[in-house]
Each structure stands twice: as C-alpha cells, then as structure tokens.
Amino acid sequence: MTDGDDLRRKPPHIALFPSAGMGHLTPFLRLAAMLASRSCTITLITANPTVSAAESTHISAFFSAYPRINRLEFETIPYSPTNPTTDDPFFLQFEAINRSVHLLRPLLSSLSPPLSAVVSDFAVASSFGPIANDLSIPTYVVWPSSARFLSLITYLSLSISENSLKFGDENVEIPGLSPIPVSCIPPPVFNPNHLFASILLSNARFFPKAKGLLLNTFDRFESETIDALNNGRVLSCLPPVHPIGPLEPSELEKGHRLPWLDDQNVGSVVYISFGSRTAMSKDQIRELGNGLEISGCAFLWVLKTSKVDTDDNEELQEVLEESFLERTKNRGIVVKEWVKQEEILAHPAIGGFVSHCGWNSVTEAARHGVPVLAWPQHGDQRVNAEAVERAGLGVWVREWGWGGERLVRGEEIGEKVREMMSDRELRNRAREVGEEARKAWELNGSSEKVLMGVIDGLKT
Ligand code: UDP
Ligand code: UDP
Ligand code: UDP
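Going by the numbering used here, the first residue of the sequence shown is number -2, and it counts up by one from there.
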C-alpha cells in the first residue's frame, strides 16, 4: 500500500462501552479521548443509572469537554436478586447491565457511519460481545487490571473446568509466569456461586472470541507476562493482548492543584488513597492516622468512609479525633472530596503513595515514577501488588492481610511509611519506571505503536 492509499482509508467509528464504577469508567474516558484525538469517530455508550455520583458528574463533564464525542444512553433494567451473594452495588450493577444489553442491539446496528469496532469493559463482555459479533462488528475488550491478573483469571477460567477448580497447593503455576501464590487469589473466587467469581470467570470465557484485549499496562512494566500472553504460553486460545498504557489523563483530570502541595519540599509528602470504592473500618482509619503521625512525614490523605460516595455524609471530625486534626494541622491534610489524583501524583512534592493497588492507581504511580507502599484490600489488588514489586515500583507488607482481616497498628504503619519515604534505591527505581512509562508514549514507543496499529487495522 502507498502512503496515498493510506491517507484515503477512512478512520474507524468505534463504540466504547464501560460498565460500573470509577475504576472502570476512567480508562474508558481516557481511551475515548485518546482515540478521538487520533481522528477516530467515537460513540460512548453510557448505562443509566450510575451507582456513584462521581460517575454521573464525570460523564456529564466529559461530554461537555469533548463535544465531538457522541453519546448513546440507555436505561438498564433494575436488578434485585432475592438471595444475593453480594451486597456490592457495583457488582450488582454489572449484572443489571449484563441483563439489559439486548436493548442495545437495534441501537448499535442503526449507528451512522456503521461501526468498525466496539470496545467493551471486561465485566460485560460475555453479554455485549456476542451481540456485536452477531452484527459482524469486531469486539475489543478492555481489561481494567494487570496483565498478571489477566493471566491468572484466564488460566483459571479457560484451562480448568469449573468442576475441577481446586486450590490445594501453595501456588498457581501458569506457563511462562513466576508462580502466583494461592493466597493472592481474590477470596470470593473460591465460592463459585459468588457474583464476583462468576463475573470474572464467565466474562473471561468470551475472550477467545474477541479481536483483542486492551490493557492499561506497558511493555517494560510487565514484559514477562505480556510476552507469555502474546506467545500463547499462558493459553493458546487468547487473542492478541495490546499493552497501551499508561493511558493519558483526559481533560477532566487536569487543573485544580492543591495550593498546599506547592508549599511542601520536593519528595517530602506521602499521599494516601484507597481508590474510589474502598472504606476502611473506623478502627483501621484511626490506626492509619496514628501511623501517619508516627511516621513524621508530611501527608495528604484522601479518606472515604463508605463504598458509594452518595452515602458518605460524615464530617471529618466525626471520623478522626479533633485532637488528631489539631496536632497534625501543620503537617498534613485530610480530604473527603474527590481529588484529581493524576495531578497530585504529578506534583514534585509527592514522594510516596500508600495505595490499595487498584490498577488505575498503580499505572498513575508508574506514569509519575512515584514509589508505592502497597496495601492491597480486595479483589485483584494482591496480584497487582506483586506486579508493583516485580517492576520495582514499590514494596508490599504481606503481613497486613486483606482489608479487614486484621487491625494493622499505627506503629507498623508509621515505620513502613518512614522506610518507604527514605528508601533512595526505591525512589531511583520508581523514577526509572516513570522514565520507561514516558518512553512507551513517545513516537514509536511501545504503547504508541500498539495503539496506532489497532487503529490502523480498523481503517477501511
Ligand atoms: N504486541 C501487542 N499486541 C500484538 C502483538 C504484539 O501488544 O498483537 C506487543 C508485544 O507484547 C511486544 C510488542 O508489542 O511487546 C512488540 O511486538 P512484536 O513482538 O510483534 O514486535 P515486532 O517484532 O513486531 O517489532
Ligand atoms: N480517583 C481520583 N480521585 C479520588 C479517588 C479516586 O482521581 O478522590 C481516581 C484514581 O486516580 C483512579 C480511580 O479513581 O484513576 C480509582 O481506580 P483504581 O483502579 O485505582 O481503584 P478502585 O477505585 O477501582 O478501587
Ligand atoms: N471489594 C472491593 N473491591 C474488589 C472486590 C471486593 O471493594 O475488587 C469489596 C466487596 O464489595 C465487599 C468487600 O470488598 O464489600 C469484601 O469483599 P469480598 O470480595 O471478600 O466479597 P463479599 O464481601 O462481597 O462476599
């Protein structure tokens, strides 16, 4: 093909379909903006109602900031099981969307120009993907976690039949990967009736029918795992895995710096956040406060007291003692509002991140070369914490257990925070990770090449 032919080929029209929760919405908003700025026509499908206020405000603000991106809204059929295996409203919303996607079929086939591809969140892939495939529209799936967790889940889902899903041994041995301890598997996966387990395992069964899997990771960050996946060593039936991270923040994530940070010394502040949907117990929150005080470090702490933001109506003073706030007022700040995390991690004052290792947070830390003290709480987060350690971005104190498993004392927290903040070797290695992340998005960088390759493959 000549350059002239290439210029005459039409840019693709791509529909993107996120599911529920900010951890799933954010990569889609970023990807929508990234594809639109690379001349793709984009339709973003939004399911109503959303679970959290953060989702609905981000969605409205996104369409205002990107007027050229089309919106396809659809109402989900409410889902309230009589004997739920989980009360997690985000998981229940995944299921509600799964049970409503048939409503999208006529809408998809009537879009103009006709769709070149759809991009589905993994949590709704097994219901949405077949509809797109029936309409002969290729489907890509966004996997919103690490390549390492993808390997684990696809291996469990596709290589072991449900009846023989047994976990007696210490490790899961996956070809091409370092062993994954059984203790890293999310606890609900051991209960095949649990909605979280069924969402993970049943959606992975669609993957062989997808055109590709899009991952918010990059070659140098998880190279061994990405190679094992793409060489067919993990499973021969998987489609290509496309590492296109770290995804670029959208316009919504920019601006609004915290002036307090500007007054702090370079690398002196520890940032603490457990993502958009994790609330610790009151006792653990108090110990964490003690720990930050004991560490002697300056801190910026984003505190959540409920899983869904609309339930979060407690004042700071009701959660933390007045005396704590008084004693630490010159050294740290605690916020309960939504913050622009990308901007915070980009700030030179930040020297470390105490994180639950939600994958978005991990990739944001990687993008800015910020050392991580991993404190995984649920789900994929232990496997992600392993990926963080393997890449040299951070350390994980395994004895702290899953969220709520034990009360981690302030003394332990304070000591580990101080250790992370003064670890020069870790800081240098994290800086190198940031450098590698930057290179992945230079012209002809690994992620840039992969995304441009995907777009090019969809031109007609
Ligand atoms: N890769 C990818 N999707 C694919 C094929 C490859 O993301 O469909 C990744 C692969 O993991 C590798 C990088 O892109 O890290 C370069 O791929 P390849 O080995 O094909 O390199 P080439 O020889 O084409 O330069
Ligand atoms: N986030 C943010 N401000 C907040 C809380 C969260 O910007 O106050 C963002 C964070 O940067 C990340 C996402 O929300 O992009 C949370 O996703 P992650 O995968 O880290 O964790 P989850 O919330 O899914 O547990
Ligand atoms: N949880 C979470 N993120 C995850 C997985 C679970 O926030 O990725 C929450 C889950 O919704 C529940 C709590 O953590 O409220 C304990 O979760 P677990 O996964 O053990 O299952 P459940 O309590 O629903 O049986």
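Using N, Cα and C, we set each Cβ at its ideal position, and we do this for glycine too.
ask   = With 16 as the cutoff for other CB atoms within 10 Å, does Val179 come out buried or exposed?
value = exposed
query = To which residues of the same chain is Asn357 closer than 6 Å at the C-beta, ignoring the five residues directly before and after it?
reply = Only Gly20 and Thr23 meet the Cβ criterion.
inquiry  = Once DSSP output is grouped into helix, strand and coil, what is the label at Pro108?
reply    = The sequence given here has Leu at residue 108, not Pro. Leu108: coil per DSSP, three-state reduction.
task = Would you list the residues sitting across from Phe71 in a DSSP beta bridge?
result = Ala44
task = Find the nearest neighbour of Glu92 within the set Ser352, Ser16 and Lys436, judged by alpha-carbon distance.
result = Ser16
inquiry  = Using only CA atoms, which one of Thr47, Leu112, Arg328 and Pro81 lies nearest to Ile74?
reply    = Thr47
Ser123 beta carbon less than 8 Å from that of Ser199 = yes
request  = With Asp453 as the anchor, note down where its alpha helix (DSSP H) starts and where it stops.
outcome  = Ser443 to Leu455
ask   = Helix, strand or coil for Thr23 per DSSP?
value = helix
message = Going by DSSP in three states, Ala207 sits in which element: helix, strand or coil?
response = coil
key: Euclidean distance between Cα positions of Val293 and Glu323   = With the sequence shown as reference, residue 293 is identified as Gly, and Val is not the correct amino acid for it. Roughly 15 Å separates the two Cα atoms.
ask   = Residues in its own chain within less than 8 Å of Trp257 by CB, not counting five upstream and five downstream?
value = In chain order, Leu297 and Ile330 place their CB closer than 8 Å to the CB of Trp257, counting only its own chain and leaving out the 5 sequence neighbours on each side.
key: Three-state secondary structure (DSSP) of Asn310   = coil
message = Taking the beta carbon of Gly272 as the centre, do at least 16 other beta carbons fall within 10 Å, making it buried, or is it exposed?
response = buried
query = Where in the region 331 to 365 do unbroken runs of the beta strand (DSSP E), each at least 3 residues long, occur, reported from the N-terminal end onward?
reply = 347 to 352
request  = Please report how far the alpha carbon of Cys181 lies from the alpha carbon of Glu170, in whole angstroms.
outcome  = 13 Å
inquiry  = Our contact map puts Glu340 next to Arg27 with C-beta atoms below 8 Å; I'd like the distance itself, whole angstroms only.
reply    = With a Cβ gap of about 14 Å, Glu340 and Arg27 do not count as contacting.
message = Out of Gln90, Ala120, Val116 and Pro78, which one is the CA nearest neighbour of Arg202?
response = The residue with the shortest Cα to Cα distance from Arg202 is Ala120.
Rounded Cβ spacing between Asp377 and Ser142 (contact assumed at less than 8 Å) = 5 Å
query = When every heavy atom of ligand 2 is checked, does at least one fall within less than 7 Å of the C-beta of Arg274?
reply = yes
task = Evaluate Ser109 with the Cβ neighbour count: other Cβ atoms within 10 Å of its Cβ, from every protein chain shown; 16 or more gives buried, anything less gives exposed.
result = exposed
task = Indicate the three-state DSSP secondary structure (helix, strand or coil) for Trp257 in the structure shown.
result = helix
inquiry  = On the criterion of 16 or more Cβ atoms from any shown chain inside 10 Å, does Glu408 qualify as buried, or is it exposed?
reply    = Residue environment for Glu408: exposed (fewer than 16 other C-beta atoms within 10 angstroms of its C-beta).
ask   = Thinking C-alpha only, which one of Ala30, Ala51 and Asp85 is nearest Ala62?
value = Ala30
message = Any heavy atom of ligand 2 inside 7 Å of the beta-carbon of Ser247?
response = no
request  = Using only the heavy atoms of ligand 2, determine whether one of them is closer than 7 Å to the beta carbon of Gln281.
outcome  = no
request  = May I ask you to check if the CB of Lys337 is nearer than 7 Å to at least one heavy atom of ligand 2?
outcome  = yes
task = Out of Met417, Ala363, Glu72 and Gly252, point me to the one whose CA is closest to Leu104's CA.
result = For the options Met417, Ala363, Glu72 and Gly252, the alpha carbon positioned closest to that of Leu104 is the one of Glu72.
key: Inter-stretch contact at 8 Å, needing at least 3 Cβ pairs: the region 184 to 195 / the region 88 to 102   = yes
query = Under 7 Å from any heavy atom of ligand 2, does the C-beta of Asn357 make it?
reply = yes
inquiry  = If distances are taken between C-alpha atoms only, which option among His10, Ala384, Pro9 and Val414 comes closest to Arg217?
reply    = Ala384
ask   = If Ala363 sits next to Leu390, beta carbons under 8 Å apart, how far is it from one beta carbon to the other, in whole angstroms?
value = 6 Å
task = Look at the alpha carbon of Pro345 and the alpha carbon of Arg96, and state the distance between them as a whole number of angstroms.
result = 46 Å
ask   = At what residues does the beta strand (DSSP E) containing Ile14 begin and finish?
value = Residue identity check: residue 14 is Phe in the sequence provided, not Ile. Run containing Phe14: His10 to Phe14, per the beta strand (DSSP E) assignment.
Stretch-stretch touch, CB-based, cutoff 8 Å, three pairs: the region 206 to 214 with the region 232 to 240 = The region 206 to 214, when compared against the region 232 to 240, does touch it at the 8 Å Cβ threshold.
message = If you follow the alpha helix (DSSP H) that Phe321 is in, where does it begin and where does it stop?
response = For Phe321, the enclosing alpha helix (DSSP H) begins and ends at Glu319 to Arg324.
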